[in-house]
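To convert, take the position in the sequence shown, counting from 1, and add 225; that gives my numbering.
Cβ atoms here follow ideal geometry from the backbone N, Cα and C, with glycine treated the same way.
For reference, the structure discussed in these notes is given below.
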Amino acid sequence: MKKIIFAIVALTLVPTASFAQKIQVGAAKVDVTPLPSQLVNKTDTIIGSICVRAIYMTDGKNPAVLVSVDGDMRQAEEAIELSSRSTGCPVDNYIICGTHSHSPSTGGIGNGHPSPQELQDALVKAVDLAKKNVAPARVGFGTTQIDLNVNRDLYTANKGWSQEANWEGVSDKTLAVLTFMGEDDVPIAVMMNYGMHPVNYFISGVVSPDFPGVASDYVENLFGGKTVALFSQAASGDQNPKLAYTSIFREGQVKGVLPSANRNEPNASGKSDNVPRQPSFTSSEIPAERLPAHREVIRRKMDYVNMLGLMIGNNAVRTMLYDTRYETNPSIWAGRTVVTCPGRERIDKNGRENYDPGYTDGPDVKIGVGLLRIGNIALPSVSGEIYTEVGMRIKAESPSSKTMVLSLANGPYESGYIYSDNASHHLTFQVIGSRLKPGYAEDGIVGATLKLWAESWK
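Structure below.
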């Protein structure tokens, strides 16, 4: 009988000891969806909610913050400074990621509502609330494969270089999931990570978080609103949804709703060529006679966006529940550095792609590189849109098998697209528009990430 009593006492003591060691995690989201009265055109519409989501964590000594913004936050550094003063979390311990929705506001990307000030205020509020909500948690990392994206750098003999589905191009199908599980076995917070541009509602008169918002809503609703689900872009500079910009989403659309590249206009030298001109990035009101057809296209897009988001959200939940191991007392470390690369300036700035615009030497380009380490989980971050091969190389050379690459994180945003060394000859709009000279950024980013990892264990 004494042995039985002793066993019961021992079992009750173990959770108490581990409880004291557990990482503390809190999460919150703030809705910044514009009002219908703030829409630019009468035929514009709002689908879904635009949100700022935040995770605050601490190991008892070192705090860190993860933030996901529907769209982008180009003034992230200022927002980090403000939030840091409120929370006491060091600025280097913040990672702010944009989901990169191409339809996050009433005036297109970066314009209208929510304004930069509204996003900044929401970020500070979300992080403050997340800190107030901290509770003991376990942390885990898992991955799965979902085939939703496709390389978008395509070369064909008759058209040259264009932004279209390249079925044979490099594409990373990995969905990575970072989960903070509460003591009630309900996730406190989740960070989903997948490389795919949310371009489905681009310049269509729709304000929407696109598929990242659908994925986040799915996870949050599944757990009864107790979970905050963030989405971040992996290496997506050369990745689109498989069916983006295909004919099934173009029927019935009118001029000005989606950009159409004109390949017959004269270029800067006065010659007619196969060079698409830069498109207009503003939507216009839909004429009444075209409105039914336009709405049908939007309905098709919405079905596709919902499918993408549900696939990501559902696979994330399956991964966190069945394919993830959790630990209770990981150490937290965060650091940042800047990689400086030689820059270039375009001579001809009128064309979009499929030509060499010529370059002159330009100012050096700064790329922010960071690392958040949670135990043996690595979250390297890059302040730009990196190509898939850059992200895959970071993961391949990372000492940790649990590595989630976060792009479009913090700042500075000086480079434009960060193409891989192997893609430096592509005459796509991403590569020819980049301010980076070939041959420097990829090595610099990977090297900086490895140095931060080594430093995190000192």
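*Quick one: grab the DSSP three-state call for serine 309.*
Position 84 of the sequence shown, counted from the first residue, corresponds to residue 309. Here serine 309 sits in helix by DSSP.
*Would you mind working out which of Ile657, Ser623, Val250 sits nearest glutamate 408, comparing C-alpha positions?*
Here residue 408 is taken as the residue at index 183 of the sequence shown, counted from 1. Among Ile657, Ser623, Val250, the Cα nearest to that of glutamate 408 belongs to Val250.
_Among Ala440, Gly587, Phe427, whose alpha-carbon lies nearest the alpha-carbon of serine 509?_
Translated into the one-based positions of the sequence shown, residue 509 becomes position 284. Nearest of Ala440, Gly587, Phe427 to serine 509, Cα basis: Phe427.
*Run through the segment 346-372 for me and flag every whole beta strand (DSSP E) of 3 or more residues, listed as ranges in chain order.*
Taking only runs of at least 3 residues, the beta strand (DSSP E) segments lying wholly in the segment 346-372 are 360-370.
*Alpha carbon to alpha carbon, what distance is there between glycine 420 and alanine 541?*
Start at 1 with the first residue of the sequence shown, and residue 541 comes out as number 316. Start at 1 with the first residue of the sequence shown, and residue 420 comes out as number 195. Approximately 14 Å, taken between the alpha carbons.
*For proline 544, count neighbouring C-beta atoms within 10 Å of its own C-beta (all shown protein chains included) and say buried if the count is 16 or more, exposed if not.*
Start at 1 with the first residue of the sequence shown, and residue 544 comes out as number 319. Reading off the sequence, residue 544 comes out as threonine, not proline. Flag for threonine 544 reads buried.
*Can you tell which of Thr268, Ala360, Asp256 has its C-alpha closest to the C-alpha of lysine 350?*
Within the sequence shown, numbered from 1, the residue matching residue 350 stands at position 125. Closest in alpha carbon position to lysine 350, among Thr268, Ala360, Asp256, is Asp256.
*Under the three-state reduction of DSSP, which class applies to leucine 535: helix, strand or coil?*
In the sequence shown, the residue the question calls residue 535 occupies position 310. When secondary structure is reduced to three states using DSSP, leucine 535 falls in the helix class.
*asked:* Do glutamine 263 and histidine 684 count as a contact pair if the criterion is CB distance below 8 Å?
replied: There is simply no residue 684 to check, as the chain begins at 226 and stops at 683 in what is shown.
*Should arginine 618 go down as buried or exposed, given a rule of 16 or more other Cβ atoms within 10 Å for buried?*
Here residue 618 refers to the residue found at position 393 when the sequence shown is read from its first residue. Only buried fits arginine 618, as 16 or more other CB atoms lie within 10 angstroms of its CB.
*For my contact list, leucine 652 and glycine 385 are in at a C-beta cut-off of 8 Å; report their separation, rounded to the angstrom.*
Residue 652 sits at position 427 when you count from the first residue of the sequence shown. Residue 385 sits at position 160 when you count from the first residue of the sequence shown. Contact annotation, leucine 652 with glycine 385: C-beta distance approximately 7 Å; criterion of less than 8 Å satisfied.
_Given this structure, state the Cα-to-Cα distance separating isoleucine 280 from asparagine 391, to the nearest angstrom._
The residue labelled residue 280 in the question sits at position 55 within the sequence shown. The residue labelled residue 391 in the question sits at position 166 within the sequence shown. Their backbone Cα atoms lie some 36 Å apart in a straight line.
*DSSP state of lysine 480, grouped into three classes?*
Counting from 1 along the sequence shown, the entry for residue 480 is found at position 255. Low local confidence applies: a pLDDT of 43 at lysine 480 is under 50, so the model's placement there is unreliable, with the coordinate-based value given in what follows. Three-state result, lysine 480: strand.
*How should arginine 550 be labelled, buried or exposed, when 16 other C-beta atoms within 10 angstroms of its C-beta is the threshold for buried?*
Locating residue 550 in the sequence shown gives position 325, counting from the first residue. Classification for arginine 550: exposed.
*In whole angstroms, what is the alpha-carbon distance linking glutamine 458 and alanine 382?*
For this step, residue 458 is matched to residue 233 along the sequence shown. For this step, residue 382 is matched to residue 157 along the sequence shown. When rounded, the distance between both Cα atoms is 32 Å.
*asked:* For leucine 468 and asparagine 376, what's the separation of their Cα atoms in angstroms?
replied: For the purposes of this step, residue 468 is taken as residue 243 along the sequence shown, with counting starting at 1. For the purposes of this step, residue 376 is taken as residue 151 along the sequence shown, with counting starting at 1. For the pair leucine 468 and asparagine 376, the Cα-to-Cα distance works out to about 11 Å.
*For glutamine 342, is the classification buried or exposed, using 16 other Cβ atoms within 10 angstroms of its Cβ as the cut-off for buried?*
In the sequence shown, residue 342 corresponds to position 117, counting from 1. Counting Cβ neighbours within 10 Å, glutamine 342 comes out exposed, since fewer than 16 surround it.
*Would isoleucine 572 be called buried (16 or more neighbouring beta carbons within 10 Å of its own) or exposed?*
Indexing the sequence shown from 1 puts residue 572 at position 347. Result: exposed.
*Taking the alpha carbon of glycine 609 as the point to measure from, which residue in Arg598, Val590, Tyr547, Gly576 has its own alpha carbon closest?*
For the purposes of this step, residue 609 is taken as residue 384 along the sequence shown, with counting starting at 1. Considering only alpha carbons, the answer is Val590.
*Does DSSP put glutamate 680 in a helix, in a strand, or in coil?*
On the sequence shown, position 455 is the one that residue 680 refers to. Glutamate 680: helix per DSSP, three-state reduction.
*Around the C-beta of valine 294, are 16 or more other C-beta atoms found within 10 angstroms, so that it is buried, or is it exposed?*
Position 69 of the sequence shown, counted from the start, is the residue given in the question as residue 294. Burial state of valine 294 is buried, judged by a 10 Å Cβ sphere holding 16 or more other Cβ atoms.
*asked:* Check whether the segment 624-636 and the segment 286-302 are in contact - that is, three or more C-beta pairs closer than 8 Å.
replied: With a cut-off of 8 Å, the segment 286-302 and the segment 624-636 count as touching, because enough Cβ pairs lie within range.
*Using only alpha-carbon positions, find the residue among Lys356, His650, Glu306 that is nearest to asparagine 579.*
Taking the sequence shown and counting its residues from 1, one reaches residue 579 at position 354. Here the closest residue by C-alpha is His650.
*Inter-residue CB distance, isoleucine 523 and threonine 268 (contact presumed, cutoff 8 Å)*: Counting from one through the sequence shown, the residue named residue 523 turns up at place 298. Counting from one through the sequence shown, the residue named residue 268 turns up at place 43. The C-beta separation of isoleucine 523 from threonine 268 comes to about 10 Å, leaving the pair out of contact by the 8 Å criterion.
*Give me the Cα-Cα distance between alanine 679 and leucine 597, rounded to the nearest whole angstrom.*
As a working mapping, residue 679 is identified with position 454 in the sequence shown. As a working mapping, residue 597 is identified with position 372 in the sequence shown. Distance between the alpha carbons of alanine 679 and leucine 597: 12 Å.
*glycine 285 burial status per 10 Å Cβ neighbour count (16 or more: buried)*: Taking the first residue of the sequence shown as position 1, residue 285 is located at position 60. Glycine 285 is exposed by the Cβ-count criterion.
*Straight-line CA distance for aspartate 372 to isoleucine 611?*
For the purposes of this step, residue 372 is taken as the residue at position 147 of the sequence shown. For the purposes of this step, residue 611 is taken as the residue at position 386 of the sequence shown. Computed Cα separation, rounded: 19 Å.
_Close-in-space but distant-in-sequence residues of the same chain around phenylalanine 366 (CB under 6 Å, 5 per side omitted)_ = Taking the first residue of the sequence shown as position 1, residue 366 is located at position 141. The residues Leu403, Ile602, Lys627, in chain order, have a CB closer than 6 Å to that of phenylalanine 366 in the same chain once the five nearest residues on each side in sequence are set aside.
*asked:* To the nearest angstrom, how far is the alpha carbon of serine 497 from that of proline 434?
replied: Here the question's residue 497 lines up with position 272 in the sequence shown. Here the question's residue 434 lines up with position 209 in the sequence shown. Only weak support is given to the placement of serine 497: the predicted model assigns it a pLDDT of 37, under 50, and the value that follows is read from those uncertain coordinates. Rounded to the nearest angstrom, the two C-alpha atoms are 38 Å apart.
*If you follow the alpha helix (DSSP H) that valine 656 is part of, which residue opens it and which one closes it?*
Working through the sequence shown from its first residue, we reach residue 656 at position 431. Counting along the chain, the alpha helix (DSSP H) containing valine 656 begins and ends at 654-657.
*Report, in whole angstroms, the separation of the C-beta atoms of glycine 616 and alanine 460, which I expect to be a contact under 8 Å.*
Counting from one through the sequence shown, the residue named residue 616 turns up at place 391. Counting from one through the sequence shown, the residue named residue 460 turns up at place 235. Yes, they are in contact, since the Cβ atoms of glycine 616 and alanine 460 sit about 3 Å apart, within 8 Å.
*asked:* threonine 674 and proline 605 - do their beta-carbons sit closer together than 8 Å?
replied: The residue labelled residue 605 in the question sits at position 380 within the sequence shown. The residue labelled residue 674 in the question sits at position 449 within the sequence shown. Yes, the pair counts as a contact, with Cβ atoms nearer than the cut-off.
*Where does the unbroken beta strand (DSSP E) through asparagine 391 begin, and where does it stop?*
Taking the first residue of the sequence shown as 1, we reach residue 391 at position 166. That run of the beta strand (DSSP E) goes 385-391.
*Could you pull the start and end residues of the beta strand (DSSP E) that isoleucine 280 belongs to?*
Residue numbering aside, residue 280 sits at position 55 when the sequence shown is read from its first letter. First-last of the beta strand (DSSP E) with isoleucine 280: 276-283.
*With a 10 Å radius around its C-beta and 16 neighbouring C-beta atoms as the bar for buried, classify asparagine 318 as buried or exposed.*
Looking up residue 318 in the sequence shown gives position 93. Asparagine 318 comes out buried.
*How is glutamate 490 classed by DSSP in three states: helix, strand or coil?*
Along the sequence shown, one-based indexing puts residue 490 at 265. Note that glutamate 490 scores a pLDDT of 39, beneath 50, so its modelled location is shaky and nothing firm can be said.
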